[in-house]
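In the working numbering, the protein residues as written are 563 to 745.
Glycine included, each C-beta is placed from N, C-alpha and C at the ideal position.
To keep things clear, I will list the structure first and then write my remarks on it.
This is how it looks when you write it as structure tokens:
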């Protein structure tokens, strides 16, 4: 069974345990009831932002939804190069959690990669609660916040309010690798 199907089973199981209507969870996720049903059936990837909202609604760690278990470490947690747990594969964004085993995290750090898109194609804009910090490590990243387009090169960083519509894309036909921290 793939990760999305396992996450979908956890989402449906938790909603049924807590006796929460589908309509309420669709509202929490800021999506339609039909789309939320596709998420719960495993037909649609919920995305890390929606999973964060759902985990807050249930009062559980994001890891419970992603991996089916609570984080265990509370003093420190080490993630070795290339070993972060993949948490999201939609819209050509690849996220690897860098703190999945740390209990009671105040932030969500991710190693992120974006592949170049075909000419004329753009990512859909995202909106979610919180703030985000990005520092580019490799490649050139274009980030659009509202209608402002910003280009970041290796070593550049940005901190922004994620309640503003935003999206990112790789420039120069090369994969972009960067650190993302969501608070």
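Distance check for residue 724 and residue 678, CA to CA, integer angstroms please.
The C-alpha of residue 724 is placed about 23 Å away from the C-alpha of residue 678.
Buried or exposed, going by whether 16 or more other CB atoms sit within 10 Å of the CB of residue 609?
Under this definition residue 609 is a buried residue.
With a 10 Å radius around its C-beta and 16 neighbouring C-beta atoms as the bar for buried, classify residue 709 as buried or exposed.
The residue is exposed, with fewer than 16 neighbouring Cβ atoms inside 10 Å.
Quick check on residue 643: buried or exposed, where buried means 16 or more other Cβ atoms within 10 Å of its Cβ?
Residue environment: residue 643 is assigned as exposed (fewer than 16 neighbouring CB atoms within 10 Å of its CB, all protein chains considered).
What are the boundary residues of the beta strand (DSSP E) that includes residue 723?
Bounds of the beta strand (DSSP E) holding residue 723 are 719-723.
Let's test the definition: count the other Cβ atoms within 10 Å of the Cβ of residue 700 and tell me whether it reaches 16, buried, or not, exposed.
So residue 700 ends up on the exposed side.
Let me make sure I understand the geometry here. Which of 583, 614, 573 and 621 has the alpha-carbon closest to that of residue 601?
When C-alpha distances from residue 601 are compared across 583, 614, 573 and 621, the shortest belongs to 573.
Rounded Cβ spacing between residue 636 and residue 618 (contact assumed at less than 8 Å):
Your pair residue 636 and residue 618 does not check out as a contact, with CB atoms roughly 20 Å apart and the cut at 8 Å.
To the nearest angstrom, report how far apart residue 627 and residue 667 are at their CA atoms.
The straight-line gap from Cα to Cα measures roughly 15 Å.
Rank 589, 613, 737 and 646 by C-alpha distance to the C-alpha of residue 680 and give the top, closest one.
When only C-alpha atoms are compared, the closest one is 737.
State yes or no: is the C-beta of residue 719 within less than 8 Å of the C-beta of residue 697?
In this structure, residue 697 lies closer than 8 Å to residue 719 by Cβ.
Residue 676 versus residue 715 - alpha carbon distance:
Going from the Cα of residue 676 to the Cα of residue 715 covers about 14 Å.
Cut-off 6 Å between Cβ atoms - residues of its own chain near residue 674, not counting five sequence neighbours on either side
Residues 657, 740 and 742 of the same chain have their beta carbon placed closer than 6 Å to that of residue 674, with the five preceding and five following residues left out of the count.
Roughly how many angstroms lie between the CA atoms of residue 685 and residue 570, to the nearest whole one?
Whole-angstrom Cα-Cα distance: 23 Å.
Give the DSSP-derived three-state secondary structure of residue 577 in the structure shown.
For residue 577, the secondary structure class from DSSP, reduced to helix, strand or coil, is helix.
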